[in-house]
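Visitor:
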Amino acid sequence: EKMSEKSKGTGVALYIHNSLNAIEKTEFSQCTENLETYFVTLSSDSDKPITIGVVYRPPSGNLDDALEELKTIIETAPKETYIAGDLNIDLHNNNTTEVEKLESILFSNGFYPTISSATHEKPGCKASCIDNIITNDIASIIGSGTIPNTITHHHQLFVVFESTTTKLKNTNKTTQFYDYCNSNVEKFVECLSEDISNNDISNFD
């Protein structure tokens, strides 16, 4: 969705592997002057669904309205929800009002950020943590972090978590063969002889 009054900076997207089933969650997906979001539910035929979302808060929008819109989403978000994106709120400035407001909304609804290191670094500017992946399934997190790159000032973010959602099963069959050729048998006997000669096996108790 594109806001006609904006010349740039509008639009969020999710790239999903074609082995996963994805259904758009229209009730959580929006594009306003304060917050842009897109959500899907990932599932398989037998596993529990996982909700994945991406968000962007334009700096030109109203901060309080953006936080209220985010609050509306996470208050009704199902368990096992992961939200990635750029909120343009630096969590390293933990004594500011905007950080306190964001953390209050997150924590009161059981959501927690998974990234604590700098996510945005620009020459001549202070490094900041304005991008994050937040979740209400923190117990399933195995690891998270950032990957610096030269394409943008924003680092790539990642999170690894335990999940019941599986990809399509690998249909390739693996067969193990044993080669009993003379050379292999002779090598086995040689190794066995060396092992016997180097170890005391007189005691079988």
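The working numbering runs 164 ahead of the 1-based position in the sequence shown.
Even for Gly, the Cβ is constructed at its ideal location relative to N, Cα and C.
(1) What's the gap between the Cα of Cys195 and the Cα of Thr339?
(2) Can you list, in chain order, the stretches of the beta strand (DSSP E) that have 3 or more residues and sit fully within the region 257-325?
(3) Any idea which residues DSSP pairs Thr205 with across the strands?
(4) Taking 8 Å as the cut-off, is the beta-carbon of Ile306 closer than that to any non-hydrogen atom of the ligand HEM?
(5) If contacts are defined as beta-carbon pairs under 8 Å, then Asn258 and Thr278 qualify, I think. What distance do you get, rounded to the angstrom?
(6) Please determine, among Gln320, Thr314, Asp343, Thr316, the residue with the shortest C-alpha to C-alpha distance to Ser308.
(7) For the alpha helix (DSSP H) containing Asp390, list its first residue and its last residue.
(8) Could you tell me whether the region 213-221 touches the region 240-250, where touching means 3 or more Cβ pairs closer than 8 Å?
(9) Mark Thr330 as exposed unless 16 or more other C-beta atoms lie within 10 angstroms of its C-beta, in which case mark it buried.
(10) Phe322: which of Ile315, Leu255, Tyr246 sits nearest, CA to CA?
(11) Quickly, what does DSSP pair Cys345 with across the bridge? List them, please.
(12) Measure how close the beta-carbons of Thr310 and Ser292 come, nearest whole angstrom, since I'm counting them as under 8 Å.
Guide: Looking at the atomic coordinates:
(1) Roughly 52 Å separates the two Cα atoms.
(2) Entirely contained in the region 257-325, the beta strand (DSSP E) runs reaching 3 residues are, in chain order, 295-299, 305-311, 320-325.
(3) Thr205 pairs with Ile187, Thr215.
(4) Ligands displayed in this structure: none; no statement on the ligand HEM is therefore possible.
(5) Rounded, the Cβ-Cβ distance is 16 Å, inconsistent with contact.
(6) It is Gln320 whose Cα lies nearest to the Cα of Ser308.
(7) As shown, the chain starts at 165 and ends at 369. That puts residue 390 outside it, with no answer to give.
(8) Of all C-beta pairs linking the region 213-221 to the region 240-250, three or more are shorter than 8 Å, placing the two stretches in contact.
(9) With a pLDDT of 49 at Thr330, under the threshold of 50, the predicted position of this residue should be treated as unreliable, though the coordinate-derived value follows. So Thr330 ends up on the exposed side.
(10) Ranking the options by Cα distance to Phe322, first place goes to Tyr246.
(11) DSSP lists no partner for Cys345.
(12) Taking the Cβ atoms as the reference, Thr310 lies roughly 12 Å from Ser292, outside the contact range of under 8 Å.
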